Amino acid sequence: MVIWKNIAWNGLSLQTPEDWEIATIGKNYLMLGTAHEPKMEIAWTVSNKLSRKRCLAKLKKLVQNEAKNASVDSWVLSQDMLFALSSYEIKSFFWKNSQRSCYGLILFCLSCNRVSMIQLYQKVGDRKPLFSFLPEMLSSYKDHSEEGFQKLAVYDIKALIPENLMVKSYKFVPGFMEISFTGNKQAITFYRWSPAAILLEGRSLEAFGSLLSFHKSSASKKVWDDKRIGWEKERPVSLWKRLISRSHTNYRLHIRHFPEANRILAVKEESSEPLDNIVFDKITSQYGTH
Amino acid sequence: MEPISRRESLLCIPVRNPLVEETRQHNGAVILSYPEPVKPWFTGILGRISKKTETRRIKKLELDVLGTGVWDLMDGKSSVKDIIESFTKVHKLYPKEAEMSVIQFLRELGRRQIIGMAPAKEDYTA
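Chains A and B are the protein sequences, given in the same order. In terms of this note's numbering, the first sequence is residues 32 to 321. In terms of this note's numbering, the second sequence is residues 4 to 129.
This is the structure:
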């Protein structure tokens, strides 16, 4: 039996076997694998009807580069897989070189116009059945949200973000993660630090927050308890005051300490058109680790 | 010499250089004193000025709490993989993150010749 975990990134989400990790991450790209070998690669882009041909040609070129000298054929999807991907227009391809074989899919989403290319790898000589869990995995594949919020689930963090926001930048280094989303004059950034016990040794969460480079000392403090603190500064209402203060954005920074997980998580908003308070509260309350 | 695989490198055992001296501070953190070979051209200049012909000088490296933790886990028996697992558990880290930090740290100690890597005793073809 396969134990599943959720991976969600920049509008796309799916369930993968628990031992698959993110090996490489890009704005519209994910390479997943176990500790020893690549398992799955996903690249995606949003197209309109006119550029769909161009997208397909670009993806074809990408596949041919990876397949190198191997010939690219197609493969036949089982009924289960076709059912799992019934809301997509599908093209399949297959290639094999001396090290691995690749079962590929190009999916056109009819409702959001996203074009995704999925490549599933299998080492030559590997007899483990690749297709046994594939229909279940593919049925969990989602390239757009339906409830107004998109999921974020990478490494050990999970969050909910308004669907109109897209990844602008990200940084994943040992001990620190930062992911910024922007769209519609709104900007949200998620931060995550670990190990919290070391970072908070001899200082409070408030002292830690005050030392952050993006902390605004002019913002007013809001303390819930010793494990949750925030700073907020509303943008001036009048244009004249905005010009004087040189502040055009609404600023909110909420930091939480999770002692059991040994993590510190923070959400920062800097928007010229601030998020609704209910939405911001939902974002901060749903942001967590797993 | 053939390059070793990731799996093989994780099974290697970090071994402390016996010439390295450790001093433990009151907060538990460690200062390592290790010999560093002096560059021949510098030895020549030094010899002419002070009549000293030292080929090594002692350098110091102060480890932080996390570095000290990894240093303490290096008992000459535990493999890189064992150290990563213990480090992950102690600090409740994300495994991949712990692996990157520990490997980066070991690489730095290796570059300064504070540690060496002994080949794994296990049969890693299994």
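Even for Gly, the Cβ is constructed at its ideal location relative to N, Cα and C. Quick caveat: nothing in here was measured; it's all calculated off a predicted structure.
- Query: Exposed or buried, what is His-67(A) when buried is set at 16 or more other beta-carbons lying within 10 Å of its beta-carbon?
  - Reply: If you draw a 10 Å sphere on the C-beta of His-67(A), you find fewer than 16 other C-beta atoms in it, and that means exposed.
- What are the start and end residues of the beta strand (DSSP E) that includes Lys-182(A)? In the DSSP annotation of this structure, the continuous segment of the beta strand (DSSP E) that includes Lys-182(A) starts and ends at 180–185.
- Message: Quick check: is the beta carbon of Asp-187(A) nearer than 8 Å to any beta carbon in chain B?
- Response: Yes, its Cβ sits closer than 8 Å to a Cβ of chain B.
- Query: Of the residues Lys-42(B), Phe-108(B) and Leu-64(B), which one's Cα is nearest the Cα of Leu-76(B)?
  - Reply: That would be Phe-108(B), whose Cα lies nearest to the Cα of Leu-76(B).
- Would you tell me roughly how many angstroms separate the C-alpha atoms of Tyr-172(A) and Lys-89(A), rounded to the nearest one? A straight line joining the alpha-carbon of Tyr-172(A) with that of Lys-89(A) spans about 22 Å.
- Query: When DSSP builds the beta bridges, which residues end up paired with Lys-63(B)?
  - Reply: DSSP output for Lys-63(B) lists Ser-36(B) as bridge partner(s).
- Please list, in chain order, all residues of the same chain as Val-33(A) whose beta carbon is under 6 Å from its beta carbon, the five residues on each side excluded. If we look at Val-33(A) and ignore the five residues flanking it on each side, its Cβ neighbours are Pro-48 and Phe-164.
- State yes or no: is the C-beta of Ser-364(A) within less than 8 Å of the C-beta of Val-94(A)? With chain A covering 32 to 321 only, the question about residue 364(A) has no answer from this structure.
- Message: At the 8 Å Cβ level, is Leu-109(B) part of the contact set with chain A, yes or no?
- Response: No, Leu-109(B) does not count as interfacial toward chain A.
- Message: Taking CB distances under 8 Å as the criterion, tell me whether Glu-5(B) reaches chain A.
- Response: Contact of Glu-5(B) with chain A is not assigned, every C-beta pair being separated by 8 Å or more.
- Message: Can you check which of these residues, Ala-101(A), Leu-169(A), Ser-142(A) and Asn-41(A), is closest to Phe-114(A) by C-alpha distance?
- Response: For the residues Ala-101(A), Leu-169(A), Ser-142(A) and Asn-41(A), the minimum Cα distance to Phe-114(A) belongs to Leu-169(A).
- Message: Just to make sure I have the definition right: I need the residues of chain B whose C-beta is within less than 9 Å of the C-beta of Ser-225(A). Which are they?
- Response: His-94, Lys-95, Leu-96, Tyr-97 and Glu-100, listed in chain order.
- Task: Could you name the residues that DSSP lists as bridge partners for Gly-261(A)?
- Result: Residue pairing for Gly-261(A): DSSP places it in a beta bridge opposite Lys-253(A) and His-285(A).
- Query: What are the start and end residues of the alpha helix (DSSP H) that includes Val-298(A)?
  - Reply: Going by DSSP, Val-298(A) is part of no alpha helix (DSSP H) but of the beta strand (DSSP E) stretching over 294–302.
- Return the chain-ordered ranges of every alpha helix (DSSP H) run that is complete within the region 116–200 of chain A and spans a minimum of 4 residues. Counting only runs of 4+ residues, the alpha helix (DSSP H) found wholly inside the region 116–200 of chain A occupies 165–170, in chain order.
- Query: Does the Cβ of Lys-99(B) lie closer than 7 Å to at least one heavy atom of the ligand PLP?
  - Reply: This structure does not include the ligand PLP; it has no bound ligands of any sort.
- Proximal residues of chain B, C-beta to C-beta of Ala-351(A) below 9 Å: One cannot answer for residue 351(A) here, as it falls past the ends of chain A, which runs 32 to 321.
- Message: For Pro-205(A), count the other beta carbons within 10 Å of its own beta carbon; 16 or more makes it buried, fewer makes it exposed. Which is it?
- Response: Flag for Pro-205(A) reads buried.
- Can you name the residues of chain A whose CB is closer than 9 Å to the CB of Arg-10(B)? Neighbours of Arg-10(B) on chain A, chain order: Ala-66 and His-67.
- Query: Closer than 8 Å, CB to CB, is Leu-69(B) near chain A or not?
  - Reply: Taking Cβ atoms only, chain A reaches closer than 8 Å to Leu-69(B), which makes this a yes.
- Query: How many whole angstroms separate the CB atoms of Tyr-105(A) and Pro-166(A), which I take to be in contact at a CB cut-off of 8 Å?
  - Reply: What sits at residue 105(A) in the sequence shown is Ser, not Tyr. Contact between Ser-105(A) and Pro-166(A) fails: their C-beta atoms lie close to 18 Å from each other, not under 8 Å.
- In chain C, which residues lie with their C-beta within 8 Å of the C-beta of Glu-52(A)? Note that chain C does not occur in the displayed structure, where the protein chains are A and B.
- Query: Since Met-120(B) is in the beta strand (DSSP E), which residue starts that stretch and which ends it?
  - Reply: Its beta strand (DSSP E) spans residues 118–121.
- Message: Are the CB atoms of Ala-121(B) and Val-23(B) within a distance shorter than 8 Å?
- Response: For the 8 Å CB-CB criterion, Val-23(B) and Ala-121(B) do not form a contact.
- Considering Lys-36(A), what are the terminal residues of the alpha helix (DSSP H) in which it resides? Segment 35–40 is the beta strand (DSSP E) holding Lys-36(A); no alpha helix (DSSP H) there.
- Query: Can a CB atom of chain B be found closer than 8 Å to the CB of Ile-38(A)?
  - Reply: Using beta-carbon distances, Ile-38(A) does not count as an interface residue toward chain B, since no partner is under 8 Å.
- Given Val-68(B), which residues of its chain have a CB within under 7 Å of its CB, disregarding the five upstream and five downstream residues? Hits under 7 Å: Ala-32.
- Message: Output needed in chain order: residues of the region 226–255 of chain A with a Cβ under 7 Å from some Cβ in chain B.
- Response: Along the region 226–255 of chain A, going in chain order, the ones with a CB nearer than 7 Å to a CB of chain B are Pro-226 and Ile-229.
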